[in-house]
Amino acid sequence: MEAPLSTWPWGNLGSFKYLLYGPLLAKWLYSRYQEDNIKETWCLHILIICLLRSSMHHTWNAFSSMLFLTRNRRINKDGVGFKQIDNEWDWDNFILLHGIMGSIVFYMLKDLINIPLWDFKGFLAVAILHIAISEPLYYFLHKKFHGSYLFNHYHSLHHSSPVLQPFTAGHATLLEHIILAAVMGIPILGTCFMGYGSIIMIYGYILIFDCLRCLGHSNFEIIPHQLFQAFPTLKYLLYTPTYHSLHHTEMGTNYCLFMPLFDVLGNTLNPKSWEMHTKLSLESGKNGRVPDFVFLAHVVDLTSAMHVPFLFRSFGSKPFSTRLFLLPLLPFAFVVMLVMWAYSKVFLNSFYNLRGRLHQTWVVPRFGFQYFLPFAAEGINNQIEQAILRADRLGVKVISLAALNKNEALNGGGTLFVNKHPNLKVRVVHGNTLTAAVILKEIPENVTEAFLSGATSKLGRVIALYLCRRQVRVLMLTSSTERFQKIQKEAPAEYQKYLVQVTKYEAARNCKTWIVGKWITPREQSYAPKGTHFHQFVVPPILSFRRDCTYGDLAAMRLPEDVQGLGSCEYTMERGVVHACHAGGVVHSLEGWTHHEVGAIDVDRIDLVWAAAMKHGLKPVSSLKKTD
Numbered sequence: 238m239e240a241p242l243s244t245w246p247w248g249n250l251g252s253f254k255y256l257l258y259g260p261l262l263a264k265w266l267y268s269r270y271q272e273d274n275i276k277e278t279w280c281l282h283i284l285i286i287c288l289l290r291s292s293m294h295h296t297w298n299a300f301s302s303m304l305f306l307t308r309n310r311r312i313n314k315d316g317v318g319f320k321q322i323d324n325e326w327d328w329d330n331f332i333l334l335h336g337i338m339g340s341i342v343f344y345m346l347k348d349l350i351n352i353p354l355w356d357f358k359g360f361l362a363v364a365i366l367h368i369a370i371s372e373p374l375y376y377f378l379h380k381k382f383h384g385s386y387l388f389n390h391y392h393s394l395h396h397s398s399p400v401l402q403p404f405t406a407g408h409a410t411l412l413e414h415i416i417l418a419a420v421m422g423i424p425i426l427g428t429c430f431m432g433y434g435s436i437i438m439i440y441g442y443i444l445i446f447d448c449l450r451c452l453g454h455s456n457f458e459i460i461p462h463q464l465f466q467a468f469p470t471l472k473y474l475l476y477t478p479t480y481h482s483l484h485h486t487e488m489g490t491n492y493c494l495f496m497p498l499f500d501v502l503g504n505t506l507n508p509k510s511w512e513m514h515t516k517l518s519l520e521s522g523k524n525g526r527v528p529d530f531v532f533l534a535h536v537v538d539l540t541s542a543m544h545v546p547f548l549f550r551s552f553g554s555k556p557f558s559t560r561l562f563l564l565p566l567l568p569f570a571f572v573v574m575l576v577m578w579a580y581s582k583v584f585l586n587s588f589y590n591l592r593g594r595l596h597q598t599w600v601v602p603r604f605g606f607q608y609f610l611p612f613a614a615e616g617i618n619n620q621i622e623q624a625i626l627r628a629d630r631l632g633v634k635v636i637s638l639a640a641l642n643k644n645e646a647l648n649g650g651g652t653l654f655v656n657k658h659p660n661l662k663v664r665v666v667h668g669n670t671l672t673a674a675v676i677l678k679e680i681p682e683n684v685t686e687a688f689l690s691g692a693t694s695k696l697g698r699v700i701a702l703y704l705c706r707r708q709v710r711v712l713m714l715t716s717s718t719e720r721f722q723k724i725q726k727e728a729p730a731e732y733q734k735y736l737v738q739v740t741k742y743e744a745a746r747n748c749k750t751w752i753v754g755k756w757i758t759p760r761e762q763s764y765a766p767k768g769t770h771f772h773q774f775v776v777p778p779i780l781s782f783r784r785d786c787t788y789g790d791l792a793a794m795r796l797p798e799d800v801q802g803l804g805s806c807e808y809t810m811e812r813g814v815v816h817a818c819h820a821g822g823v824v825h826s827l828e829g830w831t832h833h834e835v836g837a838i839d840v841d842r843i844d845l846v847w848a849a850a851m852k853h854g855l856k857p858v859s860s861l862k863k864t865d
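FYI, in this note's numbering the residues of the sequence shown are 238 to 865.
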C-alpha cells in the first residue's frame, strides 16, 4: 500500500494535466473582459510565474547538458540513461502543485494584502525571513526525511536518480513538494503581511529560489574556487553543485537548503566539500577522460536539429518525428543554424559507456542540404579533417564517419583524410562493412534472384559481389556498362555469370527481392510483383507505397544490453538502436582492430565483421522484429 501523499493526484492524466491550469486562465480572462477588476490579475501572475519556473529548469538543464561546454566541469561523469529520463518525466508536477496552492492562498488574501509593483524594503525583509525561517526549517525537515520511514516511503524517490540534473530537483513526492511550498511561501507571506510585499519581490524570490535549486542539481561545477578564496565567508552562505552532489553520494551530510552555515551549526558538514570543489574547479581547464570511440554525426535538417538531447531531453529520448510544438521554434533554429555556420566548430553532443569504454558522439555543424552544394565541399571536409586531427591528438582510438560525412563524392569514404595524414594513430572508419552485412543477412538463404538499384555505389558493389558468390542472380540497375563490367571483373570467374546488367525497372517484374540503394518513386515501385520485399540502404527511406509489398528499415543494430548512460535516440531509430555504420565503428573499437576502414568495402571482411558484432552482443533490428 502506498504511503499517504506519496503519489500525485493527476499522475494518470499524462499531458492532460496541463488542463488544470485552465481555470486560472479562464478566471483571468473573465475578470479582464467582464469585471474589469485589476485585483484579479493574480491569476495571470501565477500563470506567468509557472511558465518562468518551467523555463528556468529547462534553461539550466539545456546548459548542463551541453557537453561541449561542461564536459570538463562535470561532477558525475556518467550519462543520463533512458530509465532516469522516464522516471523524471513528470518533474514539473511541483510547478502545477505550487500554482494551485498559490492561487488558493492569493484568492483568500487578495482583499487583505495590497501589493505594489516595487518596494525595496521587501527584498531585505524576504531575505531576513528566508535566512531566519526557511533555511533552518528546511534543514530540520530534510534531516527528518532521511529517517527510516520517511526516506523509504517518500525521500528515496528523489535519491533514485543516479545522475543529478536540474529536472531532478523537481523529482520528488507530493508531500515533499507541499513542504517545499511552505518553505518558499513563509518568507513571501511574511513580507506581505509586514506591508513590504511587492510583485517584483515575489517574482524575484521564487525565481532565485528555483535558480539555486537548479544550480545545486546541475552536475557541473560553475562556481570558481577563487571566489571563496577571495571571500571566505561566502562559502558558508552559498552552496555549490559539488557540495550538493556529496549529499546524494554520501548521505548523512550536507542537508542545507542553500547555506552550508546550517550544516556547520548542525555538525553535518561533509569535510570533503570545499576540497572537492577546489579540485574540480582547478581541473576544469583540463581535458577529462578520453573516449575510446567517436561517432562523427551531422545535422539532417532544421527540425531534426532540435532533436539534440540538450534542447528537449524528453523529445530527444524518443525516435525523431516532426511535432507541432517544433514549428514555432523554426525561426530560432534558423538563427542557430546561421550561428553554427559562422562558428563552424565540431561539438560534443552525447556519450554512453559500453564495456568500460567511453563512446562519444561529435556533431559537425552542417545541415544535410549543405553537403550537396559544390562550393561547400571544401569547408565541410576541413571540419571533418579537424575533428579527425583533434581525435588523434586526444588519443581516441577509432572515429567513425556518419552518412554524408563519408560521402564518396565528398572525400572518397574517408580515403582523403587517411591519404593526407598517413601517420594517424586514430583509426578512421566508415562502418559500411557492417551496413552491408546487415542488409545481406536480411536476405533469405533460398533467394535465387535479386534486383539491385544503386548497383555501382560503394554498398551496391559489395552487395552484388557477395550475392553472386552465393550464386544469387543479381540484376544490377545501371546505365554505365563500364562501371558494371569493372564490378563484374572483381567477382571470381565462376560467379561472374550471376551478375546481369539491366537498365530499366521493368526488368525486375518477376523478382520479389528488391535491394534499393537509390531513391525510387511510387511509379517505379509499381513494377515490383505482388509480395516483393524492399530491402533498402537509401537515405531518405523510400515511401511505403505498395500495400501488397513489405518494406525493410534502414540498416541498424541494437546495442548490447549492458550499455550505460544512453539517453537519446539516434534520429528516427528506436531507443538503444543505432545506424549500422555507427555500430560498425563500435565493433571496430571493441575488437581493437588497427586498420583504417575507408574507401571500397572488402567483401572478404563482411562475414568477419558480422561475427564480431554477434560476439559483442549487437543484434540486427530486422531479426528482432521477425522473432517478436
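Glycine residues also receive a C-beta, built at the ideal position from the N, C-alpha and C atoms.
If you check the beta carbons only, do residue i and residue j fall under 8 Å apart?
i	j	result
residue 590	residue 621	no
residue 204	residue 482	Nothing about residue 204 can be read from this structure; the chain reaches only from 238 to 865.
residue 372	residue 253	no
residue 756	residue 724	no
residue 436	residue 335	no
residue 390	residue 240	yes
residue 849	residue 672	no
residue 250	residue 280	no
residue 629	residue 595	no
residue 491	residue 507	yes
residue 598	residue 606	no
residue 583	residue 572	no
residue 866	residue 363	No information on residue 866 is available, as it lies outside the stretch 238 to 865 that the chain covers here.
residue 720	residue 693	yes
Within 10 angstroms of its Cβ, does residue i collect 16 or more other Cβ (buried), or is it exposed?
i	result
residue 787	exposed
residue 669	buried
residue 285	exposed
residue 413	buried
residue 450	buried
residue 294	buried
residue 564	exposed
residue 838	buried
residue 863	Residue placement at residue 863 is poorly supported in this model, since its pLDDT is 39, which falls under 50; the coordinates are not used for a value here.
residue 841	exposed
residue 478	buried
Determine the DSSP secondary structure at residue i, reduced to helix, strand or coil.
i	result
residue 391	coil
residue 381	helix
residue 478	helix
residue 770	strand
residue 782	coil
residue 788	strand
residue 589	strand
residue 572	helix
residue 275	Per-residue confidence for residue 275 stands at a pLDDT of 48, beneath the threshold of 50, marking its modelled position as unreliable; the derived number appears in the next sentence. Reduced to three states, the DSSP call for residue 275 is helix.
residue 408	coil
residue 532	strand
residue 811	coil
residue 750	strand
residue 657	helix
residue 601	strand
residue 645	helix
Considering only C-alpha positions, which residue in the set the options is nearest to residue i?
i	options	result
residue 602	610, 585, 609	585
residue 537	511, 574, 501	574
residue 325	505, 514, 563, 394	394
residue 775	640, 740, 599	640
residue 327	306, 857, 347, 409	409
residue 797	811, 388, 856, 484	856
residue 355	439, 750, 697, 386	439
residue 843	799, 854, 818	818
residue 785	753, 805, 804, 749	749
residue 829	514, 712, 636, 734	636
residue 366	323, 297, 442, 330	442
Could you tell me whether the Cβ of residue i comes closer than 8 Å to any Cβ of chain C?
i	result
residue 486	Going by chain labels, chain C is absent from the structure shown, which holds only one protein chain.
When the Cβ atoms of the segment 463 to 475 are set against those of the segment 307 to 316, are three or more pairs found closer than 8 Å? no
For the segment 644 to 658 against the segment 672 to 681, are there 3 or more C-beta pairs whose distance is under 8 Å? no
Are the segment 764 to 776 and the segment 735 to 746 in contact at 8 Å, needing three or more beta carbon pairs? yes
With a threshold of 8 Å, are at least 3 pairs of Cβ atoms found where one atom belongs to the segment 370 to 388 and the other to the segment 418 to 425? yes
Contact between the segment 449 to 466 and the segment 500 to 508 is defined here as three or more beta-carbon pairs at a separation below 8 Å; is this criterion met? no
Within 8 Å, do at least three Cβ pairs link the segment 335 to 355 to the segment 299 to 308? no
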